[in-house]
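Using the numbering used here, the first residue of the sequence shown is number 247, and each one after it goes up by one.
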Amino acid sequence: MATCSFRNPPAALHCLSQRTTILAKNVPRYVPPSIRLKSTDSLPWSEYLAIRRSKRKWEIALTVPCVLAGLAGGAAYFGSMELDATKPIMGIDPLLFFGGATLGCMGAGYLVGPIMGSTLWRVTHRRTMALIEARDREFHQHIVRNRVDPRAQSATNPVPDFYGDVALFPSLLRKIGSLHQYRQWLRDQARYKRKSQWPEDQL
Numbered sequence: 247m248a249t250c251s252f253r254n255p256p257a258a259l260h261c262l263s264q265r266t267t268i269l270a271k272n273v274p275r276y277v278p279p280s281i282r283l284k285s286t287d288s289l290p291w292s293e294y295l296a297i298r299r300s301k302r303k304w305e306i307a308l309t310v311p312c313v314l315a316g317l318a319g320g321a322a323y324f325g326s327m328e329l330d331a332t333k334p335i336m337g338i339d340p341l342l343f344f345g346g347a348t349l350g351c352m353g354a355g356y357l358v359g360p361i362m363g364s365t366l367w368r369v370t371h372r373r374t375m376a377l378i379e380a381r382d383r384e385f386h387q388h389i390v391r392n393r394v395d396p397r398a399q400s401a402t403n404p405v406p407d408f409y410g411d412v413a414l415f416p417s418l419l420r421k422i423g424s425l426h427q428y429r430q431w432l433r434d435q436a437r438y439k440r441k442s443q444w445p446e447d448q449l
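Written as structure tokens, this is what we have:
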């Protein structure tokens with residue numbers, strides 16, 4: 247690197263300016279963690295499945311109070327209405343109608359609870375939501391590629407978990423939340439395929 251000569255002030259200032267520019271380019275800039283994530287980044291499968299397991303806990307935690315609130319609200323509302331057994335409602339006995347309506351309120355709470363839990367969970371994981379959604383799409387592709395053909399089912403060979411919890415309203419108690427559960431799901435699919443291809447006396 248050329249040295250600066252202070253005998254010529256304009257040349258010295260120009261040289262110092264060049265040095266300052268070079269040093270500024272070599273100094274690493276601080277980048278916030280939220281900006282460091284690139285499109286090539288991805289979550290490890292074990293961490294991703296653990297995140298899904300935490301999401302299920304949020305859904306269950308909100309489903310139980312929503313079901314109880316639906317039951318209490320339906321019972322309070324329909325219980326306060328006057329009941330006349332001589333006047334059927336839509337051809338149904340009023341007691342049965344109000345009882346069914348109360349159960350309907352419980353069902354509404356069962357459907358609303360997971361949605362509320364999932365929404366609150368997304369708010370708490372909004373910084374990593376892009377990575378989680380990318381893994382969701384990849385996980386869905388794994389499920390679709392490895393699940394069995396339900397047309398080959400029989401009385402002795404029922405279809406195992408077909409959706410692998412990617413249905414619109416999956417069961418809250420049947421979700422793949424670990425690598426062990428995913429491997430077990432794959433084994434169940436493989437066992438079904440073997441039984442559908444060969445008779446049981448040849449297995």
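We treat Cβ as the ideally placed atom computed from N, Cα and C, and that holds for glycine.
Only a predicted model underlies this, so the values are computations on that prediction, with no experimental measurement involved.
Of all the options Phe344, Arg429 and Ser300, which has the alpha carbon lying nearest to the alpha carbon of Gly325?
-> Translated into positions along the sequence shown, residue 325 becomes position 79. Checked all of Phe344, Arg429 and Ser300; the closest Cα to Gly325 is Phe344.
Can you tell me the Cβ-Cβ gap for Glu305 and Pro340, rounded? I've got them flagged as a contact below 8 Å.
-> Residue mapping note: residue 305 aligns to position 59 of the sequence shown, counting from 1. Residue mapping note: residue 340 aligns to position 94 of the sequence shown, counting from 1. Actually they do not touch by this definition, with Cβ atoms about 35 Å apart.
What are the partner residues of Ile335, as DSSP defines its beta bridges?
-> Looking up residue 335 in the sequence shown gives position 89. Note: Ile335 sits in a beta bridge opposite Ile338.
According to DSSP, is Pro396 helix, strand or coil?
-> One-based indexing of the sequence shown puts residue 396 at position 150. Three-state DSSP puts Pro396 in a helix.
Can you grab the Cα-Cα spacing for the pair Arg433 / His388, in whole Å?
-> The residue given as residue 433 occupies position 187 in the sequence shown. The residue given as residue 388 occupies position 142 in the sequence shown. Using only the alpha carbons, I get a separation of about 14 Å.
Could you tell me which of Ser424, Ile335, Phe408 and Gln399 sits nearest to Gln443, measuring between CA atoms?
-> Numbered from its first residue, the sequence shown carries residue 443 at position 197. Comparing Cα-Cα distances from Gln443 to each of Ser424, Ile335, Phe408 and Gln399, the minimum goes to Gln399.
Secondary structure at Leu414, three-state DSSP: helix, strand or coil?
-> Residue 414 sits at position 168 when you count from the first residue of the sequence shown. Model confidence at Leu414 stands at a pLDDT of 40, short of 50, so the residue's coordinates are unreliable; what they give is reported in the following sentence. Reduced to three states, the DSSP call for Leu414 is coil.
Mind checking if Gly320 is an interface residue toward chain D, Cβ cutoff 8 Å exclusive?
-> Absent from the structure: chain D. Only one protein chain is present.
Report buried or exposed for Gly346, applying the criterion of at least 16 other Cβ atoms within 10 angstroms of its Cβ.
-> Locating residue 346 in the sequence shown gives position 100, counting from the first residue. Flag for Gly346 reads exposed.
Taking buried to mean at least 16 other C-beta atoms within 10 Å of its own C-beta, is Thr332 buried or exposed?
-> In the sequence shown, the residue the question calls residue 332 occupies position 86. That one is exposed.
Run the CB neighbour count on Tyr438, radius 10 Å, all protein chains shown included, and call it buried at 16 or more, exposed below.
-> Stepping through the sequence shown from its first residue, residue 438 is reached at position 192. Buried, since its Cβ has 16 or more Cβ neighbours within 10 Å.
Thr348: buried (16+ other C-beta within 10 angstroms of its C-beta) or exposed?
-> Your numbering for residue 348 matches position 102 in the sequence shown. Per the 10 Å Cβ criterion, buried.
In terms of residues, what are the limits of the alpha helix (DSSP H) holding Ser292?
-> Position 46 of the sequence shown, counting from 1, holds the residue named residue 292. Start and end: Trp291 to Gly325.
Pro404 in three-state terms, based on DSSP = As a first step, residue 404 must be located in the sequence shown, where it is residue number 158. Of the three classes helix, strand and coil, the one that applies to Pro404 here is coil, per DSSP.
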